[in-house]
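Quick note: the sequence shown uses full-length UniProt numbering, first residue 1, plus one each step.
Just so you know, even glycine gets a beta-carbon here, dropped at the ideal spot from N, CA and C.
Predicted, not measured: the structure shown is a model, and the values here were computed from it.
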Amino acid sequence: MKKILFVIAATTMIACGTKKEQTIDDLIASKNIKELKAKRNALVSEVKELEIAISKLDTVKKTVLVSTLLTSTTDFYHYVEIQGNVETKQNLILYPEINGALKSILVKEGQRVEKGQTLAIIDDSGLKDQLAQLEADAELAKTTFERQERLWNQKIGSEIQFLQAKTAYAAKSKAVDNLKAQIDKTYLKAPYSGIIDDIITEEGSYVMPGQSPIVRLVNLSDMTISAEVPETFIANVKKGKKVDIYIPVLDASAETTITQAGNFINPNNRKFKVEMNIPSTIEAKPNMSVRLNINDYHNEAAILIPQSIISENENNEEYIFTAVKKGNQYIAHKTFIELGKTNKNDIEVTKGLKPNTLIIVEGARSVKEGQEVTILN
Numbered sequence: 001m002k003k004i005l006f007v008i009a010a011t012t013m014i015a016c017g018t019k020k021e022q023t024i025d026d027l028i029a030s031k032n033i034k035e036l037k038a039k040r041n042a043l044v045s046e047v048k049e050l051e052i053a054i055s056k057l058d059t060v061k062k063t064v065l066v067s068t069l070l071t072s073t074t075d076f077y078h079y080v081e082i083q084g085n086v087e088t089k090q091n092l093i094l095y096p097e098i099n100g101a102l103k104s105i106l107v108k109e110g111q112r113v114e115k116g117q118t119l120a121i122i123d124d125s126g127l128k129d130q131l132a133q134l135e136a137d138a139e140l141a142k143t144t145f146e147r148q149e150r151l152w153n154q155k156i157g158s159e160i161q162f163l164q165a166k167t168a169y170a171a172k173s174k175a176v177d178n179l180k181a182q183i184d185k186t187y188l189k190a191p192y193s194g195i196i197d198d199i200i201t202e203e204g205s206y207v208m209p210g211q212s213p214i215v216r217l218v219n220l221s222d223m224t225i226s227a228e229v230p231e232t233f234i235a236n237v238k239k240g241k242k243v244d245i246y247i248p249v250l251d252a253s254a255e256t257t258i259t260q261a262g263n264f265i266n267p268n269n270r271k272f273k274v275e276m277n278i279p280s281t282i283e284a285k286p287n288m289s290v291r292l293n294i295n296d297y298h299n300e301a302a303i304l305i306p307q308s309i310i311s312e313n314e315n316n317e318e319y320i321f322t323a324v325k326k327g328n329q330y331i332a333h334k335t336f337i338e339l340g341k342t343n344k345n346d347i348e349v350t351k352g353l354k355p356n357t358l359i360i361v362e363g364a365r366s367v368k369e370g371q372e373v374t375i376l377n
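Right under this line is the structure:
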């Protein structure tokens with residue numbers, strides 16, 4: 001019996017000594033999560049020990065590679081973008097002042113006309129014939145009045161005859177003037193210099209005051225741009241402020257200034273109106289859309305930094321990293337700042353940063369407070 005037990009024990013010892021150690025692939029294939037976790041913990045512990053040993057033996061310190069920017073002051077303009085429209089105050093549709101047939105149109109579309117020039121003639125319906133008769137009657141009344149006046153001055157004749165002659169002459173003269181004014185209304189004249197943009201009514205048509213448009217007259221030499229600005233900008237958007245304008249359909253840009261800023265806030269949209277002249281270099285047309293960049297803020301000594309390097313902590317405080325020299329090394333230092341207006345990709349720093357300070361740009365998200373950095377630039 002003892003011999004049998006000895007043989008079994010020997011066999012067991014041989015089997016245990018020849019057992020193959022499990023690999024990581026074998027552990028994964030076994031799907032034994034307990035053994036997998038045990039193996040992971042053992043490996044992590046070994047890696048930590050290796051890192052500690054390496055840090056003790058490695059004499060070369062590793063630093064973060066960064067690029068920096070030296071801050072400076074600059075003349076900073078901030079703009080608010082507004083949509084505007086080209087307008088002209090001299091853009092009128094002209095109507096007749098008297099009834100009658102449109103006898104003739106003396107202009108063509110696109111023609112330039114001068115102030116006071118006759119554009120169209122309306123039939124006078126015999127008013128000129130009436131004027132000739134009235135002028136003859138007025139001339140007779142004048143002669144009669146002058147005769148009675150001489151007699152009256154010589155103390156001949158009665159006062160009533162003199163006054164009747166005087167009144168008749170005044171009445172006839174007034175009637176002539178009134179009829180001339182009526183005849184003058186048969187001539188449609190340009191109230192200002194400009195271009196005939198459209199001929200609306202054809203010759204021969206019967207026209208009436210206030211109902212029959214004849215032509216549209218536009219003056220393109222006296223155009224402006226108007227826009228409505230939100231009331232929040234009323235303190236900064238004033239007369240004389242610089243404006244950059246861009247007309248997309250013309251692909252044209254120019255600079256101008258605000259000539260008028262309204263004092264009335266429209267209660268419907270909470271906006272006020274501004275107006276500016278169009279530079280003569282731009283051939284704009286009425287009702288064109290204009291993109292306006294209106295200057296609402298100016299700082300002659302602003303410090304601008306890239307917006308991309310700004311971080312924020314749990315207290316909503318904004319900060320950047322600066323590179324501070326200590327001996328022969330540069331150390332990353334967390335610098336809290338206060339911000340102002342933006343300018344495309346840059347932003348103004350109003351507090352916490354001075355000129356001639358090295359700020360970390362590339363690598364700003366990788367460094368930590370007090371960490372040594374190597375400046376590439």
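To the nearest angstrom, report how far apart residue i and residue j are at their CA atoms.
| i | j | result |
| --- | --- | --- |
| I200 | K115 | 20 angstroms |
| M208 | T88 | 27 angstroms |
| Q148 | F162 | 5 angstroms |
| residue 464 | Y192 | The first residue shown for the chain is 1 and the last is 377, placing residue 464 beyond what the model contains. |
| K128 | K108 | 27 angstroms |
| S67 | Y297 | 31 angstroms |
| N299 | F233 | 17 angstroms |
| E338 | N377 | 27 angstroms |
| G17 | I52 | Reliability fails at G17, whose pLDDT of 46 lies under 50, so the model's placement of it is uncertain and no value is given. |
| residue 387 | I309 | Any property of residue 387 remains undetermined from this structure, which presents the chain solely from 1 to 377. |
| A171 | E159 | 18 angstroms |
| A136 | V86 | 54 angstroms |
| Q130 | A190 | 27 angstroms |
| A132 | D123 | 17 angstroms |
| I28 | Q329 | 48 angstroms |
| G240 | L119 | 39 angstroms |
| G370 | E35 | 42 angstroms |
| G194 | S280 | 16 angstroms |
Looking only at its chain, what residues have a beta carbon closer than 8 angstroms to the beta carbon of residue i, apart from the 5 residues adjacent to it on each side?
| i | result |
| --- | --- |
| P230 | R270 and K271 |
| K2 | The pLDDT assigned to K2 is 37, lower than 50, so where the model puts this residue is not dependable; a value taken from the coordinates is nonetheless given after this. There are no such residues. |
| P213 | I93, L94, Y95, I200 and T201 |
| S72 | I303, P355 and N356 |
Starting from residue i, trace the alpha helix (DSSP H) in both directions and tell me its first and last residue.
| i | result |
| --- | --- |
| E135 | L127 to N153 |
| I24 | I24 to S30 |
Where does the unbroken beta strand (DSSP E) through residue i begin, and where does it stop?
| i | result |
| --- | --- |
| T167 | Note, T167: premise wrong, no beta strand (DSSP E); alpha helix (DSSP H) at E159 to D184. |
| K285 | No beta strand (DSSP E) contains K285, which DSSP labels as neither H nor E. |
| M223 | M223 to P230 |
| A254 | A252 to A261 |
| Q83 | T73 to T88 |
| F336 | Q329 to F336 |
| I247 | K242 to I247 |
Sorted by chain position, which residues of the same chain lie with C-beta nearer than 6 angstroms to residue i's C-beta, five sequence neighbours on each side aside?
| i | result |
| --- | --- |
| S253 | Y246 |
| T374 | T63 and L65 |
| K166 | F145 |
| R216 | I93, D197 and D198 |
| A332 | F321, V367, Q371 and V373 |
Would you decide whether residue i is buried or exposed? Buried here means 16 or more other CB atoms lie within 10 Å of its CB.
| i | result |
| --- | --- |
| D251 | exposed |
| E203 | exposed |
| K368 | exposed |
Quick check: is any heavy atom of the ligand FMN less than 7 angstroms from the C-beta of residue i?
| i | result |
| --- | --- |
| A132 | The model depicted lacks the ligand FMN and carries no ligand whatsoever. |
With a CB to CB cut of under 7 angstroms and the five nearest residues on each side skipped, what residues in its chain are close to residue i?
| i | result |
| --- | --- |
| K273 | S226, E228 and G262 |
| E97 | K185 and P209 |
| L358 | T68, L70, T322 and A323 |
Exercise for the section: Examine the Cβ distances between the region 252-262 and the region 306-320 and report whether three or more of them are shorter than 8 angstroms. Expected result: no
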